[in-house]
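Report on one structure; see the data block that follows.
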Amino acid sequence: MSKNLVIVESPAKAKTIKKFLGPNYTIEASMGHIRDLPKSQLGVDIENDFEPKYITIRGKGDLLAKLKKEAKKANKVYLATDPDREGEAISWHLLQALQADKEKCARITFNEITKTAVKNSIKEAREINMSLVDAQQARRILDRIVGYKISPLLWKKVKKGLSAGRVQSVALKLICDREKEIQDFIPEAYWTIDARLREQGKKDAFDAKFQGTLEEKVKLETEEQVKKILQDMEGQPFTILSVKDSIRSKQPPLPFTTSSMQQEAAKKLNFTTSKTMRVAQQLYEGVDVAGHGTVGLITYLRTDSTRISQEAHENVLEYIGQTYGQEYPNAEVQTDKKKGGVQDAHEAIRPTYVELAPKDIKDSLDRDQLKLYTLLWNRFVASRMQKARYETKSVKIGCAGYLFTSSLTRLQFDGFLKVYDIEDEEGHAQYIDLSDDASLEMLKVDPKEHFTQPPPRFTEASLVKALEENGVGRPSTYAPTISTILSRGYVAKEKKQLFPTELGEVVDSILISYFGDIVEIGFTAQLEAKLDTVEEGLLEWKEVIRDFYPGFDALVEKAQLEVDKIEIKDEETDIPCEKCGRNMVIKMGKYGKFLACPGFPECMNAKPLFEKVDDVACPKCGGAVMIKKTKKGRRYYGCENNPECDFMTWDKPTDIQCPQCGSMMVEKGKKHMCINPECKHVMERQPSE
Numbered sequence: 005m006s007k008n009l010v011i012v013e014s015p016a017k018a019k020t021i022k023k024f025l026g027p028n029y030t031i032e033a034s035m036g037h038i039r040d041l042p043k044s045q046l047g048v049d050i051e052n053d054f055e056p057k058y059i060t061i062r063g064k065g066d067l068l069a070k071l072k073k074e075a076k077k078a079n080k081v082y083l084a085t086d087p088d089r090e091g092e093a094i095s096w097h098l099l100q101a102l103q104a105d106k107e108k109c110a111r112i113t114f115n116e117i118t119k120t121a122v123k124n125s126i127k128e129a130r131e132i133n134m135s136l137v138d139a140q141q142a143r144r145i146l147d148r149i150v151g152y153k154i155s156p157l158l159w160k161k162v163k164k165g166l167s168a169g170r171v172q173s174v175a176l177k178l179i180c181d182r183e184k185e186i187q188d189f190i191p192e193a194y195w196t197i198d199a200r201l202r203e204q205g206k207k208d209a210f211d212a213k214f215q216g217t218l219e220e221k222v223k224l225e226t227e228e229q230v231k232k233i234l235q236d237m238e239g240q241p242f243t244i245l246s247v248k249d250s251i252r253s254k255q256p257p258l259p260f261t262t263s264s265m266q267q268e269a270a271k272k273l274n275f276t277t278s279k280t281m282r283v284a285q286q287l288y289e290g291v292d293v294a295g296h297g298t299v300g301l302i303t304y305l306r307t308d309s310t311r312i313s314q315e316a317h318e319n320v321l322e323y324i325g326q327t328y329g330q331e332y333p334n335a336e337v338q339t340d341k342k343k344g345g346v347q348d349a350h351e352a353i354r355p356t357y358v359e360l361a362p363k364d365i366k367d368s369l370d371r372d373q374l375k376l377y378t379l380l381w382n383r384f385v386a387s388r389m390q391k392a393r394y395e396t397k398s399v400k401i402g403c404a405g406y407l408f409t410s411s412l413t414r415l416q417f418d419g420f421l422k423v424y425d426i427e428d429e430e431g432h433a434q435y436i437d438l439s440d441d442a443s444l445e446m447l448k449v450d451p452k453e454h455f456t457q458p459p460p461r462f463t464e465a466s467l468v469k470a471l472e473e474n475g476v477g478r479p480s481t482y483a484p485t486i487s488t489i490l491s492r493g494y495v496a497k498e499k500k501q502l503f504p505t506e507l508g509e510v511v512d513s514i515l516i517s518y519f520g521d522i523v524e525i526g527f528t529a530q531l532e533a534k535l536d537t538v539e540e541g542l543l544e545w546k547e548v549i550r551d552f553y554p555g556f557d558a559l560v561e562k563a564q565l566e567v568d569k570i571e572i573k574d575e576e577t578d579i580p581c582e583k584c585g586r587n588m589v590i591k592m593g594k595y596g597k598f599l600a601c602p603g604f605p606e607c608m609n610a611k612p613l614f615e616k617v618d619d620v621a622c623p624k625c626g627g628a629v630m631i632k633k634t635k636k637g638r639r640y641y642g643c644e645n646n647p648e649c650d651f652m653t654w655d656k657p658t659d660i661q662c663p664q665c666g667s668m669m670v671e672k673g674k675k676h677m678c679i680n681p682e683c684k685h686v687m688e689r690q691p692s693e
């Protein structure tokens with residue numbers, strides 16, 4: 005009996021779908037793209053109206069032969085790749101490569117891997133959407149032209165192995181521009197005056213902030229100005245001028261988009277963007293859940309929409325009412341007030357089954373999966389809960405003709421905060437009962453000098469936010485873009501902050517000088533908008549390339565003639581080469597930085613470069629403690645004098661001594677633990693650590 009063939013991208017997705025469709029369906033995985041442009045050449049026929057030259061990806065020949073064989077004997081072939089441009093393009097390439105009867109091939113898509121969604125998709129099978137395919141082709145060919153034309157220029161003028169791309173070049177520019185802002189920043193001093201007050205005869209105290217005179221706001225810029233105010237206030241009473249009671253509400257968060265998920269996972273879980281996407285992919289494709297089998301736990305993870313289906317909306321409202329009480333569900337749907345450019349083809353990222361609460365399936369998930377699933381589940385449930393409400397008192401206080409204010413707040417109804425806590429950046433003092441005519445006593449006045457701070461360096465989360473806000477890239481591009489600029493050595497990361505390397509600054513300088521439009525944020529955003537127009541079927545895809553190429557090609561020619569050879573010297577260390585005695589230099593390789601002898605090729609000595617843990621000495625021999633990696637890439641901490649000294653630990657060492665036995669303390673989550681196995685004393689870490 006002929007079976008139907010369903011082709012997906014990954015074995016995990018195939019495994020999840022198989023249990024929904026039964027014995028009449030054969031499920032196979034294409035392992036991503038089956039065809040692409042060749043790596044060894046441009047692969048775009050410029051003279052023939054930019055016609056792409058697609059080839060079977062190296063190593064996929066046997067897989068393609070197997071898929072052809074299955075397709076030939078199948079009654080129907082369903083192409084079930086991901087529901088976005090990339091997925092549509094993979095299905096189109098499969099259709100071309102399989103050489104099967106097009107009449108028996110159909111495209112199916114589902115936003116979630118559930119039995120209902122998969123079976124419905126087969127009922128609603130359709131033809132390939134060529135507008136989606138063409139939008140992806142235009143992006144791929146634009147990126148190929150930019151990369152393959154600019155990259156050789158960088159190899160020739162700077163160093164081999166460099167690359168340039170539309171989105172990664174904009175990301176690099178954002179980071180370099182921010183670094184220049186920081187370097188050019190000149191701090192300015194300013195002052196604040198806080199008063200600690202309480203009502204006569206009561207214990208509860210509160211803080212009030214200086215605002216100015218009773219008539220106008222005053223900016224405190226000098227110490228003399230502050231001293232004058234303090235002299236005027238000396239011995240003078242603090243008097244309540246007015247107390248205004250009100251109710252303040254805080255809106256629940258919207259469900260996750262790809263960007264907001266990456267940002268929150270970075271802030272709350274300390275995940276990199278690539279790790280977030282990897283774990284989310286696992287949750288989407290399916291996890292073995294005890295009592296349920298293989299389950300796709302979340303909806304599709306590449307989206308910039310906050311919309312959810314009506315069925316999911318009704319289900320979560322019912323769940324919230326039953327679980328937390330009927331005062332918690334909120335049927336009113338919030339909308340995202342963001343700018344245009346949203347591809348609303350998919351829902352927001354949400355759990356496929358809200359009843360599968362994290363606490364109920366935690367034993368079926370690994371640590372990272374549980375962390376991310378909990379964050380996603382909490383966010384989705386919170387998005388359909390009532391606002392949090394606060395009682396507030398806005399207090400105006402006078403002293404010697406000067407105005408102080410205080411905002412006193414307490415939670416009246418927790419609403420969505422019951423499941424999802426968000427940071428409140430507004431400063432509010434603890435709520436206390438305070439009447440209009442209360443007499444106040446001053447406990448202390450605290451004048452402080454501050455200095456304005458430069459803008460912060462980008463983190464992965466804030467860079468994603470900046471790219472999204474500027475319309476650069478799409479949900480699927482954020483993580484690979486950041487991975488690329490890090491792996492190329494253009495950008496380095498330290499304590500979550502991204503900063504440009506010397507190499508990155510040189511590349512950015514060349515790109516700005518000769519390809520200013522290509523790395524200009526507005527231009528890149530306009531290209532993204534044109535790709536959206538192609539997707540909508542309103543613009544022919546080659547028209548985008550035709551408009552772009554002539555001006556770009558002229559810029560490449562000009563740069564080839566004008567850019568001088570730039571030499572970036574390797575950073576010299578004080579570590580002598582064991583073979584020839586010269587000081588070794590730091591080089592960037594495929595797996596990161598390493599030490600090499602500058603005498604290459606006469607001396608070919610090289611060895612790993614280990615990062616030092618600041619201010620921490622080896623407890624066994626007093627040597628420096630270095631960050632090292634196992635052969636499988638797992639981080640650990642060991643002594644620089646290895647193998648003579650065998651000290652190592654998986655947990656980050658500190659310079660804190662155990663108060664009970666004097667041994668080294670290591671970081672263990674939010675605590676410090678003694679490394680001595682006979683002691684293992686545990687204590688809380690300080691908030692600043």
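Going from the sequence shown to this note's numbering is simple: count from 1 and add 4.
Ideal Cβ positions, reconstructed from N, Cα and C, are used throughout, including at glycine.
The model shown is predicted, which means the values in this text are computed figures rather than measured ones.
Distance CB(residue i)-CB(residue j) smaller than 8 Å
{"i": "Pro256", "j": "Gly419", "result": "yes"}
{"i": "Trp195", "j": "Leu157", "result": "no"}
{"i": "Leu407", "j": "Gly216", "result": "yes"}
{"i": "Gly290", "j": "Ile549", "result": "no"}
{"i": "Met389", "j": "Pro333", "result": "yes"}
{"i": "Leu301", "j": "Pro355", "result": "yes"}
{"i": "Lys528", "j": "Arg170", "result": "With the sequence shown as reference, residue 528 is identified as Thr, and Lys is not the correct amino acid for it. Going by C-beta atoms, Thr528 is nearer than 8 Å to Arg170."}
{"i": "Thr226", "j": "Ala483", "result": "no"}
{"i": "Asn124", "j": "Asn8", "result": "no"}
{"i": "Asp88", "j": "Glu13", "result": "no"}
{"i": "Tyr82", "j": "Ile38", "result": "no"}
{"i": "Gln103", "j": "Lys57", "result": "no"}
{"i": "Glu185", "j": "Pro459", "result": "yes"}
{"i": "Ala442", "j": "Asp236", "result": "no"}
Supposed close pair residue i, residue j - CB separation, criterion 8 Å
{"i": "Ser410", "j": "Thr396", "result": "That belief does not hold up - the Cβ atoms of Ser410 and Thr396 are roughly 10 Å apart, past 8 Å."}
{"i": "Gln373", "j": "Leu305", "result": "Not really, about 13 Å apart at Cβ, beyond 8 Å."}
{"i": "Leu438", "j": "Glu203", "result": "6 Å"}
{"i": "Ile251", "j": "Arg393", "result": "6 Å"}
{"i": "Ala698", "j": "Leu136", "result": "Absent from the model: residue 698. The displayed extent of the chain is 5 to 693, so no value can be given."}
Counterpart residues of residue i in DSSP-defined beta bridges
{"i": "Glu671", "result": "His676"}
{"i": "His4", "result": "Outside the shown range of the chain, which is 5 to 693, sits residue 4, and nothing can be said about it."}
{"i": "Gly216", "result": "Lys221 and Leu407"}
{"i": "Phe260", "result": "Ile353"}
{"i": "Lys397", "result": "Asp249 and Leu412"}
{"i": "Lys591", "result": "Phe598"}
{"i": "Cys683", "result": "For Cys683, which the question treats as bridged, DSSP gives no partner whatsoever."}
{"i": "Leu201", "result": "Phe210 and Met446"}
{"i": "Val495", "result": "Pro504"}
{"i": "Glu615", "result": "Ile631"}
{"i": "Ala563", "result": "BP columns for Ala563 are empty, so no partner."}
Environment of residue i [buried if 16+ CB atoms lie within 10 Å]
{"i": "Asp512", "result": "buried"}
{"i": "Ala168", "result": "buried"}
{"i": "Glu429", "result": "Its pLDDT being 47, under 50, Glu429 is placed unreliably by the model, and the measurement read from it follows with that caveat. Exposed, since its Cβ has fewer than 16 Cβ neighbours within 10 Å."}
{"i": "Pro479", "result": "buried"}
{"i": "Pro362", "result": "buried"}
{"i": "Ala294", "result": "exposed"}
{"i": "Ser44", "result": "exposed"}
{"i": "Lys17", "result": "buried"}
{"i": "Lys153", "result": "buried"}
{"i": "Val10", "result": "buried"}
{"i": "Glu336", "result": "exposed"}
{"i": "Glu464", "result": "buried"}
Sequence-distant residues of its chain with Cβ nearer than 8 Å to residue i (five each side left out)
{"i": "His676", "result": "Thr658, Ile660, Met669, Val670, Val686, Met687, Glu688 and Arg689"}
{"i": "Glu566", "result": "Tyr518"}
{"i": "Phe462", "result": "Leu178, Ile179, Arg182, Ala470, Gln501 and Leu502"}
Neighbourhood of residue i by C-beta distance below 6 Å, restricted to the same chain and skipping five residues each side
{"i": "Thr243", "result": "Gly402"}
{"i": "Ala628", "result": "Lys616 and Glu644"}
{"i": "Ile197", "result": "Phe214 and Pro451"}
Residues of its chain near residue i, where Cβ-Cβ distance is below 7 Å and the 5 sequence neighbours each way are ignored
{"i": "Ala269", "result": "Phe275, Thr280, Leu376 and Leu379"}
{"i": "Leu613", "result": "Ile590, Lys597, Phe598 and Leu599"}
{"i": "Lys23", "result": "Gly297 and Thr298"}
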